[in-house]
Every structure is written in C-alpha cells, then in structure tokens.
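Q: If you scroll down you'll find the structure; I have some questions about it.
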Amino acid sequence: MNDVGISAYGGYVPRLRLSRESAVRANDWVDPSLMMNAKSERSMCDVDEDSVTMAVEAARDCLQGVDLGSLDSLYFASTTFPFLDRQNSTIIAEALALKDDVETLDIASSQRAGTSGLICALKTAANSCTTLYVSADCRKTKAGTANELLFGDGAAALALGTQGILAKFIGSVSLNRDFVDHFRGDGSRYDTYFEQRWIREEGYLRMVPDALQALFKKTGIAPEDVTHFIMPCVIRGVREVVAKRIGIPPERIRNDLAAGCGETGTAHPLVMLVDTLEEAKPDEMIVMVGFGQGVDALAFRTTSTIDGFAPRRGIKNHLANGVVEKNYQKFLSFRNMVEIDWGMRAEAAPKARPSAAWRKHKEYNALVGGRCMRCGTIQFPMAHICVNPECQARDSQENYRLADSTARIVSYTVDRLAYSPHPPLVFGIIEFEEGARFLAQFTGCDPETVTVDAPMEMVFRIKKMERERNFRTYFWKATPLTNRGKEK
Amino acid sequence: MAGGIKDKVAILGMGCTRFGERFDCGPDDLMFEAFTECLSDAGIGVETIQAAWYGNCVSGESMGGSATPMSVALRLPNIPVTRVENMCCTGTEAFRGAVYAVAAGAVDIALALGIEKLKDTGFSGLPFISMGPKGDLWWSDFSAPGVFAQLASAYAAKHNLPKEDLKRAMAHVSWKSHQNGSLNPKAHLKNRPSIEQILGAPMIAEPLGLYDCCGVSDGCACAIVTTPEIARSFGKKDVVTVKALQVANSNGREIGHQSWDGSYLVTTRAAAKRAYEEAGIRNPREEITMLEVHDCFSITELVTMEDLFISPEGGAIKDILDGFYDRHDGKVPCQVDGGLKCFGHPIGASGLRMIYEMYLQLLDRAGDRQLKNSRLGLTHNLGGLPAQNVCGMSIIGRLSD
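Each protein sequence line maps, in turn, to chains R and G.
Going by the numbering used here, the first sequence opens with residue 56, and the numbers climb by one from there.
Going by the numbering used here, the second sequence opens with residue -4, and the numbers climb by one from there.
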C-alpha cells in the first residue's frame, strides 16, 4: 500500500452548550443519581442544526486552502442521518460545491461507523483517490437519562490522501462482535441500553485490549511508543483500565472532552483525533479506538508536515467559544421532544417543492451567486439581467460562490411576531464584501448586541422543518463573525 | 405624447365601511355596505356602471380568486369586472383601472372597489404570504413589522441617530394618528394612548412596539368615477378630480445592489416625482395640503415624509416633533382620518379608503376632523418590504384648482 494518511483536518462543535445542572435539576426527581453528571456543559445543536449541517461546517473547517477540485470522494459517517433514504453525503457535497463526479457514500448503523468508515476511506485514498471523510452525530436520548448528560453533538472532518500527509496511517485492526450493548430498531426514536457493568466487563475491557494487542502485533508498535491514546467511553474509568492493562502510560490518555462537549457519538473518536492533531508534534504516535459491535483500532504517526497546517478554527476554538444554555426545555424543544404551542402562524408555512429547489440546486445549496462579466457586479441570486442599474447586461453572469465570504449587516430587526422555532427571529439585509446582498436569516445572533455594520459569516443550516412530512430544507444563514473567535 | 391623468376623471361617489374586527361581516356584507353608500352618494343605479375593478389581496381569506365574487355580491349587470392585486397598493390599483378606463373613453362610468377580510384567519397579524416556490428557498422568514423595522436600523445608522431619538419621533407619529382616529366614527382604533404608553408598549419587531404597528382590519371602500362633464351633468357642483395617479415597482436594485442604503423607499421617490409632474406640483411642501400615507408602521410614515420630498432628507424627525404633520396647526396634516394606524388596514381597501378621506375633506364632509382650506391631497401606499415593493400614489383635488 502507498503511504496514505491525513492531509488536513477540522472539526465542529455547536455554539450552544446545555448546562448539565439545568437538565439534572429538571430530572433528578426521577433519578437522583443524575447528580453525578451535573458538572460543566454538553454541546447541543441549535434548532437549525443537524448531523448534515455540522458535517458541512467541520468540512469547511478542514478544507481551508484545500483545492476542492482535488477531492475524488466524500464519505459521511453518522448514526443520526436526517434522511434514511436520500443520500446525506450528497447534500454535504453540494453545500461544499465539490465536483459533481465526487463519489459519495453514507456510512451508518454503529457507534463504530466513524472509525470503520475511516479505515475504508484510507484504503480508498491509498489508491490515489483523495477523500474527504466527515462524521457527525447528534444522538437523541430519553429525558432524564445519564446519556442525555454525557452525550454531546459535534463533527469532525479529515482530508485523506497520498500527498501532503501530516499524519501517516500506520495500520488498523477491526474485530467484529455482535455485542448488543445498545440498539435502536427500525422506527424507534431512542436507543435501548443494557446494564453498564456488563458492557464494561464483557465489552470494553475484554474487546479493546484484544484489538490493541492485535494492532501492536500487526504494526510493531510498542505500547510505550503511543504518544496519544484516543478512546471514547462514557463509562467512568474504563479508558484508564484499558491503558493500564495494555501498558500505555496513563498520561498518554487523551481527554475525552466531557467538559463542554460530551461524547459526540460515532464522530467522537474523530473529534478527539482532531483535538489531538491540533496540538500534536511531528513524529508522534496516535492510537485511536472505536467501539460498537466490535472494535476498530487505528494507528497514525505524525510527520513534520503537521506544523504547517491549522484548521480554520478547530475543535479547541469551537470549544472555547460556546454559549451556555440554562433552559433545559429549549434543549427538549430543539430535539422535538416536547410539544410547544407555536400558534397557528407556525402552521401556515408552505411545503417544500423539490422541483423548484432542483432547478437552482447548485446556487442555493452552495450559495453561488453571479458575477457580471461585463461590469463585474457580484449579485445574489444570479439573474438573466445584471442588477447593476448602470449595466443591465443580459445573460452575462458566471458563477460566484459567496459561502466563504464575509458580509456586513445593512439593516436588521429582532422580530417577535414571525414564527421561529428559536425565537426571536433575527434577520436583515447583509452585504458581502464583494457587494452581493440579500435578506438573510441570522443564527447564533444575540438580539442584544446585533448592530448595523456588524461583520457576519455564512453557515449552512436547516431553513425549514416540515414536521408532518419529516422533511427539511437547508440554506445558508448569517452568523456573527465574532462568535467563533479568531481564525488561525 | 401622453398628457397624464390630471382632471380627466372625476369622482362621482364614494363609500367606505367602518373598518375594524368585523367578526359580524363576511366579505360580501362589507362590499354591500360600502357599495350602498357609494351608489347613494353618486346618485346612480347599478345599471349605469359599465365596468368594474375589484381589488382584493389575500383572496384565500376573502372569497377566492377572480373578480366574480364582487360581481355576485353586488349583482352587477354582467359587465366586465377585473380583479387586481398588487399587495398593499391593491385598492389604488383598482382605482387606477377604473380611472384609466374612463380616461380612455372606453366607458363613461366605472366602479373601483377594494375589500379585505382578514379576521377569519384565526390568529392576530397578517396571514402568511409566500414568496413563491423559488423565493421560499432563500428569502429569510419575516413578518411585516420585521421587514419595515429594517428601515429604522438603516435610517438611524445613516443619520447617526441615537435609537431613542428615532423612537421618540416614531411615537409622535402614532400618537398623532390616534388623536386623529379618535375623531373618526369609522376608524378601527379610537383610543388615545399617551406618548409614554406608546414608548412603553411591548416590542413586536425592534424598534417597533405595539403602537408603532397599524391595525389588522376588515373593511371595504369603493369609488364610482366618470368624466368631469358627466359629473356636472349629474348635478355635482364641487367636482373632485384625479390630479395624478402613479405606481412604481421595485426592479430588484434595492435588495440586490449596493447603491441602496436601506433607509428610504426608491419606489416612493420615483412615484412622487412622476405624480408631482403629472399634477403640475413644483413645491410639494407648499402645495400639498393633506396626506394619507402608508403608515403600516410608524417608521414607514417617518421615512415617507422625506421620500415625498416634503421633509428634507434627514429632516423628518424635526418636522414630526414640530407638529408639522399634526391635524391641529400642522402645515401638512397627515393621517387625518387616523391612517392605517387607527382607521385600520384591510389591505385591498386601504388605497381607496385614503382617497375616500381626500374626497370627504375636499367636499367639507369630514365632520369633526374637517380641515380648513384643503386643496390638494396625496395618498400613498406601499406593498411588500422596503427592499422590494410596490408604491401606489394619487393626488386628488377640485376640478377648479
């Protein structure tokens, strides 16, 4: 096999963080032991975020400066796809404006999907097929469970290839075991979990050491060579016992990001990997474990190239720029777990028309406007006649993508009358640095601080949710540039 | 070369219902109410009407599509009836259709009627209006106050105004309309809130509070128009004529091009220039004697005073606070009947309701709110959002002026 590995990486953690204490306070009458997990916050999707939107943002975090034309395939791993039959990775590919012959694939059905898909993607990439690998999860949990507190929402993205490798793939081992620690059957909204002590003893503590030993044997790595040991597991102390049994020094165990993030499902090994890569130095050994109906164990060795790369923001920056949500009811509502009366106004919205969306799918999915080739005016949407009143050239426009451009607020309001599942609705006219403008919905925007001229950036979000048909449409919204801290 | 509409068409009669939450009335009842007054005022029978224009915006909330609902409700004698819709300019558009038919010499007598039945939606505020399957893909969600509130943020930024100063002038706009509306027996809202109550009201869409927003009302208004000669032959002495009638639609420049700063209405300025030219008005601040403008929200009225070239650019706040537009002692009284704010805003009827007020004032029939020396009245509608809209305008006066 050719040398293959990671050539770029990025991550995404939603800005909203549920105060665990607020959830515990609401539910400890059911289960007082929830108090054990009341510390810090977990990440939570805003009402307009899902696994697809998080994956898009993680990919954009990763792809800064990467030639999109060089990508040949896009794999997307999740156990919380918004669509069970409509390819989710294609939505991501269109949002990122990837080539239309990029091979797309969704990978699902296990908490191990994130790592199993990565192994598969690395094999694809080794055949000179540059691959964008993304994983995201926003798992639904019943109210009042420990997992509700321990889980989080997030995404990671890796560019895989044979060029510019900053972490070389050393090898992997996969063990498959039909071990039903939990499951979610067809049509169920929630997972069913079995006894934690059994999962710990027969699952993690028996299977993970087996897989690691096999990996060490296969690759010739010694346990003490491992610089970073990545192993998600919400059961307390398991990581430490595994490391001890296998001989990995305890200080090499990576932080599982429980504080501020929580376990992001099948994406979590990758989220932890991105967090690790952000601080890794050249020539360090990273070993990573994915668990679910067996175990995946993967090894990477960083190269000197790692010093030359930084994601646009990375997991660390996302984690540092959160907003704590103390209203647990909002968390339930955003996840459609409580029936809020939104009033009749909310019922009036028209249904999505895929035929109309298809006609302009590239423009709206990728936020592509037009650049007039006669006068240079950049505009959105593209139209037959140039919007510049001094020009008005006909059929003169070429594609111009605005998704990565910054904009300023021309006018805005905080609207308390219009329906929004996350009121108040904040929106206004934004003008991109290149001049294009439109009436954009704002998201993640503090109603108290929004002002004219404030700098904004675009994010891919759910535009409309149709609960009865369980359909959703996506579009780009504006969010304050200052939300995410400085870019690297 | 066309000479414009000035003095070619006279208003023979008008009618207007009481506006408000007319839970007692369906759209057919409202049409009957306004039309009965109008026929009686004109002094003609229904068989004399040769063509009609039916203005209705949200057809699904009234009587469905086409113009047939009006023809049926009024038992019109199988004459041509045309439905027009141009958002909040719908009433003005119906009037324009009838006026142009008479001016063209195609008919002698035509009817224009605007009607809106909004209070069957089951909720407060306006019904949902879609931007169409394409627009729904990318336009932000919004409410009507939300899009007009945009004007306030851009206006304050342009003139470097503290929010409080703008809000104070907006409050005066609404205060004045409530004072006026309380004198109008047909007005939807007759209460007289204080400036402090207006400023302290709950926020709807920042900076618009409850009292910055007009009423959502049911209502109908109509006009029968003919030539000045025929009007005289019917014994009308003070013949009221149309001096100007203009509509201006956005072409996408405001929302799509950097040349617009979001603080004013491109269409109002375009329509006003043409209307003044059509009516032969050189100095609107001196020559226009009364205004009924589209005060859907207080901020809309404020910027409209500048867009009509009556207040200088950046000078609306001073004029408003100086009482320039007040009914008592104001130089150019505005919203004498209470405006959209208090007379109410049944979308399709509003344009004709404004013309109705001008007509009453010019004939000295405005009761407690009668102005002295009214000569030229301007009506103004805006439909859509400041960034993309339609503006309708009329100037009404006496034939002798």
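We treat Cβ as the ideally placed atom computed from N, Cα and C, and that holds for glycine.
As the structure is a prediction and not an experimental result, all values here were calculated from the model.
Using a Cβ cut-off of 9 Å, pull out every chain G residue sitting near residue 411 of chain R, in sequence order please.
A: Your numbering for residue 411 of chain R matches position 356 in the first sequence. Below the 9 Å Cβ cutoff, chain G contributes 127, 128, 129, 131 and 132 as neighbours of residue 411 of chain R, in chain order.
Q: Residues in the segment 482 to 496 of chain R with C-beta within 8 Å of chain G's C-beta atoms, listed in sequence order?
A: 482, 483, 484, 486, 490, 491, 492, 493, 494, 495 and 496
Q: For the segment 287 to 340 of chain G, which segments carrying the alpha helix (DSSP H) assignment without a break, of at least 4 residues, lie completely within its bounds, in sequence order?
A: Listed in chain order, the alpha helix (DSSP H) runs fully inside the segment 287 to 340 of chain G are 293 to 302, 311 to 316 and 334 to 337, counting runs of at least 4 residues.
Q: Output, in sequence order along the chain, the residues in the segment 178 to 204 of chain G whose CB is closer than 7 Å to any CB in chain R.
A: 198, 199, 200 and 201
Q: Just checking: is the beta-carbon of residue 415 of chain R within a distance shorter than 9 Å of some beta-carbon in chain G?
A: Here residue 415 of chain R is taken as the residue at index 360 of the first sequence, counted from 1. Chain G contact via Cβ: present.
Q: Kindly indicate the opening and closing residues of the alpha helix (DSSP H) around residue 383 of chain R.
A: As a working mapping, residue 383 of chain R is identified with position 328 in the first sequence. According to the DSSP assignment, residue 383 of chain R belongs to the alpha helix (DSSP H) that extends over 383 to 389.
Q: When the distance is taken between beta carbons, is residue 297 of chain G closer than 9 Å to residue 83 of chain G?
A: As a position in the second sequence, residue 83 of chain G is number 88, starting the count at 1. As a position in the second sequence, residue 297 of chain G is number 302, starting the count at 1. In this structure, residue 83 of chain G keeps its C-beta atom at 9 Å or more from the C-beta atom of residue 297 of chain G.
Q: Going by the DSSP bridge assignment, what does residue 521 of chain R pair with across the sheet?
A: For the purposes of this step, residue 521 of chain R is taken as the residue at position 466 of the first sequence. Per DSSP, R:526.
Q: For the beta strand (DSSP E) holding residue 241 of chain G, just list the boundary residues, first then last.
A: As a first step, residue 241 of chain G must be located in the second sequence, where it is residue number 246. It spans 235 to 244 - the beta strand (DSSP E) in which residue 241 of chain G sits, taken as one unbroken run.
Q: Taking residue 468 of chain R as the query, report the chain G residues whose CB atoms sit under 7 Å from its CB, ordered along the chain.
A: In the first sequence, residue 468 of chain R corresponds to position 413, counting from 1. Result: 141, 144, 145, 148, 200 and 201.
Q: Could you tell me the distance, in whole angstroms, from the CA atom of residue 86 of chain G to the CA atom of residue 106 of chain G?
A: The residue given as residue 86 of chain G occupies position 91 in the second sequence. The residue given as residue 106 of chain G occupies position 111 in the second sequence. Cα-Cα distance, rounded: 12 Å.
Q: Taking C-beta to C-beta, are residue 347 of chain R and residue 266 of chain R nearer than 9 Å?
A: Translated into positions along the first sequence, residue 347 of chain R becomes position 292. Translated into positions along the first sequence, residue 266 of chain R becomes position 211. For residue 347 of chain R and residue 266 of chain R, no; Cβs fall outside 9 Å.
Q: For a minimum of 3 consecutive residues, which ranges assigned as the beta strand (DSSP E) are wholly contained in the segment 269 to 329 of chain R?
A: 281 to 285
Q: Taking C-alpha atoms, which residue in R:58, R:439 and R:62 lies nearest to residue 365 of chain R?
A: By 1-based counting over the first sequence, the position of residue 365 of chain R is 310. Checking every option, the nearest Cα to that of residue 365 of chain R belongs to R:62.
Q: With 8 Å as the limit, tell me which residues of the segment 436 to 447 of chain R have their beta carbon closer than that to any beta carbon of chain G; keep them in chain order.
A: For the segment 436 to 447 of chain R, the beta-carbon criterion of a distance under 8 Å to any beta-carbon of chain G is satisfied by 436, 438, 442, 443 and 444.
Q: Contact between the segment 264 to 283 of chain G and the segment 141 to 161 of chain G: three or more CB pairs below 8 Å?
A: no
Q: Reducing DSSP to helix, strand and coil, say where residue 406 of chain R ends up.
A: Counting from one through the first sequence, the residue named residue 406 of chain R turns up at place 351. Assigned with DSSP and collapsed to three states, residue 406 of chain R falls in coil, not helix or strand.
Q: So, for residue 39 of chain G: in the same chain, excluding its five sequence neighbours on each side, which residues have a beta-carbon less than 8 Å away from its beta-carbon?
A: If you number the second sequence from 1, residue 39 of chain G lands on position 44. The answer, listed in chain order, is 7, 8, 104, 219 and 229.
Q: Have a look at R:521, R:491 and R:322 and flag the residue whose alpha-carbon is nearest the alpha-carbon of residue 171 of chain R.
A: Here residue 171 of chain R corresponds to residue number 116 of the first sequence, with the count starting at 1. Considering only alpha carbons, the answer is R:322.
Q: Would you mind working out which of R:105, R:141 and R:216 sits nearest residue 64 of chain R, comparing C-alpha positions?
A: As a working note, residue 64 of chain R is residue 9 in the first sequence. Selected option, being the one with the closest Cα: R:216.
Q: If I measure Cβ to Cβ from residue 397 of chain R and keep anything under 8 Å in the same chain, skipping five residues before and after, which residues do I get?
A: Start at 1 with the first residue of the first sequence, and residue 397 of chain R comes out as number 342. Hits under 8 Å: 474 and 476.
Q: Counting only beta-carbon separations shorter than 9 Å, does residue 405 of chain R have a partner in chain G?
A: Here the question's residue 405 of chain R lines up with position 350 in the first sequence. Residue 405 of chain R counts as touching chain G.
Q: Going by DSSP, which residues form a beta bridge with residue 158 of chain R?
A: In the first sequence, counting from the first residue as 1, residue 158 of chain R sits at position 103. Residue 158 of chain R is bridged to R:128.
Q: How many angstroms separate the CA atom of residue 408 of chain R from the CA atom of residue 517 of chain R?
A: Residue mapping note: residue 408 of chain R aligns to position 353 of the first sequence, counting from 1. Residue mapping note: residue 517 of chain R aligns to position 462 of the first sequence, counting from 1. Those two C-alpha atoms are separated by around 15 Å.
Q: So, helix, strand or coil for residue 221 of chain G, using DSSP?
A: As a first step, residue 221 of chain G is located in the second sequence; it is residue number 226 there, counting from the start. In this structure, residue 221 of chain G counts as strand in the three-state DSSP scheme.
Q: So, does the CB of residue 528 of chain R fall closer than 9 Å to a CB anywhere in chain G?
A: The sequence position of residue 528 of chain R within the first sequence is 473, counting from 1. With 9 Å as the cut-off, residue 528 of chain R counts as an interface residue toward chain G.
Q: Taking the DSSP output, what are the residues bridged to residue 188 of chain R?
A: The residue labelled residue 188 of chain R in the question sits at position 133 within the first sequence. R:130 and R:213.
Q: Given that residue 398 of chain R touches chain C, what residues does it touch there, using C-beta distances under 8 Å?
A: The structure shown contains no chain C; its protein chains are R and G.
Q: Just to confirm my understanding: we take residue 356 of chain G, look at its own chain, exclude 5 residues before and 5 after, and list those with CB closer than 8 Å. What are they?
A: Position 361 of the second sequence holds residue 356 of chain G. Counting only Cβ-Cβ distances below 8 Å, and skipping sequence neighbours, we find 285, 331, 365, 366, 369 and 372.
Q: Residue 101 of chain G to residue 94 of chain G, Cα distance in whole Å?
A: In the second sequence, residue 101 of chain G corresponds to position 106, counting from 1. In the second sequence, residue 94 of chain G corresponds to position 99, counting from 1. Their backbone Cα atoms lie some 11 Å apart in a straight line.
Q: Does residue 79 of chain G pass the burial test, meaning 16 or more other C-beta atoms within 10 Å, or should it be called exposed?
A: On the second sequence, position 84 is the one that residue 79 of chain G refers to. When all chains shown are included, residue 79 of chain G counts as buried.
Q: Exposed or buried, which one is residue 496 of chain R when buried takes at least 16 other CB atoms within 10 Å?
A: The residue given as residue 496 of chain R occupies position 441 in the first sequence. That one is buried.
Q: What are the start and end residues of the alpha helix (DSSP H) that includes residue 419 of chain R?
A: Sequence index remark: in the first sequence, residue 419 of chain R carries index 364 (1-based). Unbroken alpha helix (DSSP H) run through residue 419 of chain R: 416 to 421.
Q: What number of angstroms, rounded off, separates the C-alpha of residue 388 of chain G from the C-alpha of residue 244 of chain G?
A: Along the second sequence, one-based indexing puts residue 388 of chain G at 393. Along the second sequence, one-based indexing puts residue 244 of chain G at 249. Taking C-alpha positions only, residue 388 of chain G is separated from residue 244 of chain G by approximately 12 Å.
Q: Below 6 Å CB to CB, which residues in the same chain sit around residue 352 of chain G once its five sequence neighbours on both sides are set aside?
A: Within the second sequence, the letter at position 357 stands for residue 352 of chain G. Answer for residue 352 of chain G: 287 and 332, listed in chain order.
Q: Please list, in chain order, all residues of the same chain as residue 546 of chain R whose beta carbon is under 7 Å from its beta carbon, the five residues on each side excluded.
A: The question about residue 546 of chain R has no answer, for chain R in this structure spans 56 to 543.
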